[in-house]
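Residue numbers (full-length UniProt numbering), protein chains in the order written: chain S, 1 to 304; chain B, 1 to 304; chain G, 1 to 264; chain Z, 1 to 264.
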Amino acid sequence: MSESLKINLCGVEFKNPIITASGTFGYGLEYANHIDLNKLGGISVKGISLKEVKGNPMPRIMETSAGMLNAIGLQNVGVERFIKEKLPALRKYDTKIIVNFWGKMLEEYIEVARVLDEEDVDMLEMNISCPNIKEGGIAFGTDPKMTYEVVYNCKKVMKNKPLVVKLSPNVTNIKVFGKVAEEAGADAISAINTLLGMAININTRKPFLSNITGGLSGPAIKPVAIRMVYELYKTIKIPIIGIGGIMSYRDVIEFYLAGASAVQVGTANFVDPEIPIKIIDELNNYLKCNNIRNISELTGKVEI
Amino acid sequence: MSESLKINLCGVEFKNPIITASGTFGYGLEYANHIDLNKLGGISVKGISLKEVKGNPMPRIMETSAGMLNAIGLQNVGVERFIKEKLPALRKYDTKIIVNFWGKMLEEYIEVARVLDEEDVDMLEMNISCPNIKEGGIAFGTDPKMTYEVVYNCKKVMKNKPLVVKLSPNVTNIKVFGKVAEEAGADAISAINTLLGMAININTRKPFLSNITGGLSGPAIKPVAIRMVYELYKTIKIPIIGIGGIMSYRDVIEFYLAGASAVQVGTANFVDPEIPIKIIDELNNYLKCNNIRNISELTGKVEI
Amino acid sequence: MIGTVVENIKLNDKYYYMIINNKEFVEKAKVGQFLMVQSKEYDYINDPILRRPFGICDVDYDSGDFSILYMIVGKGTMLLSTFKKGSKIEFSPPLGNSFTIQSKKNVALVGGGIGIAPLYFLAKTLKDNNCKITLYFGGQSEIDIVFLDKFEKVVDEIVVTTNDGSKGMKGLVTDPFIKNIDHYDYVYTCGPKKMLEAVSRICIDSGRAVEVSLDERMACGLGACLGCIVYVKDDDGNEIQKRCCVEGPIFDGSKVIWESVCRG
Amino acid sequence: MIGTVVENIKLNDKYYYMIINNKEFVEKAKVGQFLMVQSKEYDYINDPILRRPFGICDVDYDSGDFSILYMIVGKGTMLLSTFKKGSKIEFSPPLGNSFTIQSKKNVALVGGGIGIAPLYFLAKTLKDNNCKITLYFGGQSEIDIVFLDKFEKVVDEIVVTTNDGSKGMKGLVTDPFIKNIDHYDYVYTCGPKKMLEAVSRICIDSGRAVEVSLDERMACGLGACLGCIVYVKDDDGNEIQKRCCVEGPIFDGSKVIWESVCRG
Ligand SMILES: Cc1cc2nc3c(=O)[nH]c(=O)nc-3n(C[C@H](O)[C@H](O)[C@H](O)COP(=O)(O)OP(=O)(O)OC[C@H]3O[C@@H](n4cnc5c(N)ncnc54)[C@H](O)[C@@H]3O)c2cc1C
Ligand SMILES: Cc1cc2nc3c(=O)[nH]c(=O)nc-3n(C[C@H](O)[C@H](O)[C@H](O)COP(=O)(O)OP(=O)(O)OC[C@H]3O[C@@H](n4cnc5c(N)ncnc54)[C@H](O)[C@@H]3O)c2cc1C
Ligand SMILES: Cc1cc2nc3c(=O)[nH]c(=O)nc-3n(C[C@H](O)[C@H](O)[C@H](O)COP(=O)(O)O)c2cc1C
Ligand SMILES: Cc1cc2nc3c(=O)[nH]c(=O)nc-3n(C[C@H](O)[C@H](O)[C@H](O)COP(=O)(O)O)c2cc1C
Ligand code: FES
Ligand code: FES
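Here you go:
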């Protein structure tokens, strides 16, 4: 274990800043036979809701140039089963557990936050990219007032755990949402979630996804993610977890320079489950070669 | 010349729907020694402003995964020199000329539109992705009220030429902007312009672009473009010119199915200047093999 | 895992056969399992990005070779076809569940096109278990009927059909199969969805057990992304979700809810 | 244009030399010009996407072969290094302006690292024009000093320097050059920006003409994208914009505004 990668994020000590991104790493356990989970800085689990959700009809995924589209539909076992069936096994590993969560209405968000805040998890990550069924499907993450509401109200019921708010990139001005989340009490921001995209099969003339549109992830979106992390860093004071298209340690450095204090690796887990571990090793090496005592020194150090 | 590719866009007859995208094809003439311009449906020239503009300092471009970033800074010779030095030579070719234009203030937009409307060009394409210096840098294309203003006022002074409004994808809801442009009198919409992105050189720790951020184009952004064309098609009645990551005839069909009535090819011109011509040939072939009398039959024909 | 390409043989314009060496993989491989193969040779390239799933077609425990039989479909398989002998190739361990192996039974294997791939490993295993095996092999056209010489050495009988009659009987593979269904104790099938559904119905109607191997689009192959869901009926007849990559790719054909299966 | 890879030789861990056959290209090629090379072999792959610019290193009018000498930098050049003999490769026609060829003069060529590439074609042409040629060749280290054997047959004198002294004199290539500047009528140079700037200043100070070959990032290579601007002074001393790909890559070293040049 190397000192140069240790970070403290909102009071939580991570052995390294490499976290696997929500939705790309299941409940963590799926990867347990394939990589050593103990090496990871943290795991952000698949977005949890109050009740079990079955997700969208198939097909749900499609590859695109240097990226992929997904419309899983936030399928998950619900908060109760997550706590009973997944968390105890996951906790056996020496890594931080971030629980990504969401709701279809404000009340659901609050309830899930309240429940998880009492559990043996390290952080909560609020996904606000989902449409609010009560407000006619407008996503919580695309209307600043709603973002404020949901962050403020969840934070109010949380006594123990830091709250990370994960922003949607499908907005005109990400800075507004970072600022609002910060004001509403968020302890950190994670950015970005997927870009809204679509692909059509020209042979069948149908969309590749049953849901018609889906979320675009992977290296294709990295430039958008870097830009947004940079804009957020200039705007807010709370730490930022950078996400979007990370495939190698070089991408991690790039996110740090833009303003990240930790990162999440998503689509890369599908490309090769070893990637997060490789990144950790390579980062270690990079920091050593460049005489950098701790990776945190790089946060926001892009030279303008 | 094939009947199956002939289209009529806002009263202008194109021999085929393949138009080279603004900023990726100079003033057309740069490509004259490399491909047969007479084969193209149309050429959208580099964005023209009232006065000559020198553009941003270097570096201005950088490659990313399946895409590229550019921050040319809208360098152009200005409307007067364009008309005097470029247009006569360009008009010698048998292809439609679309003049992409922009301004730093509302008045400049109106003036350029007024001037070009009297010239021997086929269409004007208004680029509203540029920041308005008068209004403190907010882009005309990210505030619906400003979009309405600029479209309405330009249209008012245009007596002869159809006006295409080119939308920015960096907005929460593209439908709003399509609708507003339509209401303000736009004859067609083109979508999309580049996504705002950034890349950092981890060795120098500097952004790869002197302008810090730049526009992301290429296949990486195609899923976002297809989604937006689809959303626009469901919202507005005026025709849509699809743009974003087109590399092959299959991409053109995909844009048509999503709702396009013509397309523009951008970054692909750098990859291989022959691509637009290849696409035209392959489209011809595709339509023949699939017994489609005219490509327009495909517009919006995605099966949901 | 990383292996070495031992051979990458073009069978015809549509099909290729790749032999890869990796002892560890071969030791783990179970019949009916698949693997996720990285089709690009250089990890600094990001297009294509995802690995591609392929059935294990054959394994050789002595040499540590295993093989995949693949059809050229899109950019992943086009790239795969360019791998040269001796190249390194990256892939997952063997994934998914496996076929149930019958002993001393009369079994039918029904393969459609590239669906033949996992049936070869299966046929060899069933033969070792003293089954009497009939292979029904259907294709669109002559070009789709590959690997027959290999199968001839393993199975007891082969019935070939093509849609256009260019090889074997003209028609669907289910035509001869339905006529002989009474001869078999157990049926295994892999191929296009329509065929799997038809074969399953025939088996259900005649009370035969049928195992189907399903293709769903996959991202992770490990059960994490939930991109590959198949809906099946549980023992009480309730519709439940299975992940094709973990609880599949082999399913009880009588339990699959066919409307939910989206891959051809 | 499409050509065939005749050879793709690894000179050392950092440098490769690729010979490509295309008669039409060779007939058009002028000394100092460059070409845009597509570094991916399959056009259905979109990463990397842009073509890469390389100087023309040598041409053979008889065989229709031409060559590029390239340094491994990133994914484009890494991919290029994987091209096998006989592969097809795509590229633009010869692009840009060209060196002014002197006759019967004493000339110096000053190359830094990979900047040596276009100087070979130049040296051959100058020799044909009866110039007396001295090559100053500087590198970081021994590994950067390639192609010497080829140059030896063409130039009259070679002075090698390396920063670490592992080959030739220790120091910068400008150290020996400045001492001998009076011997030359005309100077040509290609390499890192700092070196080009230093060489240009030396030439200006001693009243020698100097032509520099500049590397700017390029997307189109045709003058359309305006991604490769170089600022130079015109005859009246006004700052004007030139496109490196069309009005360059060869510039009058005394006219370049060095602060504007961004590529190393
Ligand atoms: C469990 C399993 C076993 C398989 N076994 C074989 C086999 O033995 N031989 C063989 O030739 N093919 C097999 N397939 C299908 C094979 O995975 C696809 O043909 C291949 O992924 C196509 O990739 P591509 O890049 O050429 O096509 P593209 O269409 O460019 O691929 C785009 C995306 O779609 C996915 N995709 C495309 N077609 C299929 C398909 N039929 N099934 C699942 N995903 C698909 C790709 O994996 C990729 O993510 C199997 C699929 C599964 C799920
Ligand atoms: C006119 C001209 C002539 C050149 N001649 C040669 C030559 O003969 N031999 C040689 O080895 N190199 C030459 N270069 C530099 C060569 O183009 C780059 O080293 C190469 O593009 C690197 O590509 P990459 O994908 O390996 O690197 P990456 O860094 O991955 O490339 C990313 C992007 O940056 C661009 N880029 C990176 N380095 C440079 C550079 N130094 N100059 C311009 N663009 C760059 C690439 O073209 C690409 O668009 C020349 C450049 C120019 C402009
Ligand atoms: C299949 C899939 C499922 C995802 N599910 C979730 C989710 O449940 N909650 C969430 O906040 N983000 C989810 N995401 C978004 C990722 O966590 C991440 O923000 C995004 O993929 C960008 O990172 P990447 O480019 O590294 O993949 C999902 C992404 C993918 C590809
Ligand atoms: C180098 C470059 C310059 C561009 N300049 C302009 C411009 O002046 N005006 C404009 O409306 N769009 C401009 N664009 C955007 C393109 O016209 C097009 O909308 C975008 O690149 C997406 O298409 P593509 O993915 O096919 O490149 C430019 C794009 C590039 C890459
Ligand atoms: S492929 Fe990811 S769950 Fe099956
Ligand atoms: S590279 Fe496009 S103008 Fe020079």
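Glycine included, every Cβ here is placed at the ideal spot set by N, Cα and C.
This structure is a prediction, so every number in the text was calculated from the model and none was measured.
- At the C-beta level, B/E111 and B/L29 stay beyond 8 Å of one another.
- Less than 8 Å separates the beta-carbon of Z/E7 from that of Z/I19.
- Burial state of Z/C220 is buried, judged by a 10 Å Cβ sphere holding 16 or more other Cβ atoms.
- Closer than 8 Å to the CB of G/I45 there is at least one CB belonging to chain Z.
- Listed in chain order, the non-local C-beta contacts of G/I204 below 7 Å within the same chain comprise S254, local neighbours out to five positions each way being set aside.
- Against chain S, a Cβ distance below 9 Å from G/C220 picks out T24, F25, G26, E30, Y31, N269, F270, P273.
- For G/R243, the shortest separation between its Cβ and any heavy atom of ligand 5 lies below 7 Å.
- Contact holds between the region 124–136 of chain Z and the region 85–103 of chain Z, because three or more Cβ pairs, one in each stretch, are under 8 Å apart.
- When C-beta distances to chain Z are compared with 8 Å, every residue of the region 289–302 of chain B stays at or above that value.
- L195, L196, G197, M198, A199, I200, I202, R205, K206, P207: these are the residues of the region 180–211 of chain B whose beta carbon lies less than 7 Å from some beta carbon of chain S, given in chain order.
- Those residues having their beta-carbon less than 5 Å away from any non-hydrogen atom of ligand 2 are, in chain order, B/E63, Z/F34, Z/L50, Z/R52, Z/P53, Z/F54, Z/G55, Z/Y70, Z/M71, Z/V73, Z/G74, Z/K75, Z/G76, Z/T77, Z/I114, Z/A117, Z/D215, Z/R217, Z/P249, Z/R263.
- Going by beta carbons, S/V171 and S/Y148 fall outside the 8 Å limit.
- Within the region 122–141 of chain G, no residue has its Cβ closer than 7 Å to any Cβ of chain Z.
- The CB of G/E247 never comes closer than 7 Å to any CB in chain S; the least such distance is about 12 Å.
- Under the Cβ distance rule, S/G214 does not count among the residues neighbouring chain G, no pair being separated by less than 8 Å.
- Counted as a single uninterrupted DSSP element, the beta strand (DSSP E) harbouring G/R243 occupies residues 239–243.
- Interface flag for S/S248 against chain B is unset, since no Cβ pair is found closer than 8 Å.
- The DSSP-derived three-state label of G/K14 is coil.
- Cβ-Cβ distances below 7 Å link G/A29 to I56, V59, F66, P94 in the same chain, with the five nearest sequence neighbours on each side left out; the list follows chain order.
- Residue burial annotation: S/N33 is exposed, with fewer than 16 other C-beta atoms found within 10 angstroms of its C-beta.
- In terms of Cα proximity to B/A186, the closest of B/I240, B/V263, B/G26, B/L74 is B/I240.
- The beta carbon of B/E107 sits no closer than 8 Å to any beta carbon of chain Z.
- Under the three-state reduction of DSSP output, G/E90 falls in the strand class.
- Within the region 137–221 of chain G, the runs of beta strand (DSSP E) that reach at least 3 residues and sit entirely inside it are, in chain order, 157–162, 186–190, 209–213.
- When distances are taken from the beta-carbon of Z/C203 to the heavy atoms of ligand 6, even the shortest one reaches 7 Å or more.
- For S/P88, the number of other beta carbons within 10 angstroms of its own is below 16, and it is reported as exposed.
- Taking the Cα of Z/D175 as reference, the smallest distance to any Cα among Z/G64, Z/F83, Z/N163, Z/G76 is reached at Z/N163.
- Inclusion of Z/G227 in the 7 Å shell around ligand 6 follows from its C-beta lying nearer than that to a non-hydrogen atom of the ligand.
- Look at the UniProt domain "FAD-binding FR-type" (1–101) of chain Z and you find these whole runs of alpha helix (DSSP H), each 4 residues long or longer: 23–28, 75–80.
- The beta carbon of Z/Q241 sits closer than 8 Å to some beta carbon of chain B.
- Ranking B/G26, B/A66, B/G141, B/S4 by CA distance to the CA of B/G245 puts B/A66 first.
- Note that the C-beta distance between B/E125 and B/S190 is below 8 Å.
- Counting only runs of 3+ residues, the beta strand (DSSP E) found wholly inside the region 68–143 of chain B occupies 96–101, 123–127, in chain order.
- The DSSP-derived three-state label of B/T147 is helix.
- In terms of side-chain proximity, the C-beta atom of Z/T125 is found no nearer than 7 Å to any non-hydrogen atom of ligand 4.
- Following the DSSP letters along the chain, one finds B/E282 inside the alpha helix (DSSP H) bounded by residues 275–289.
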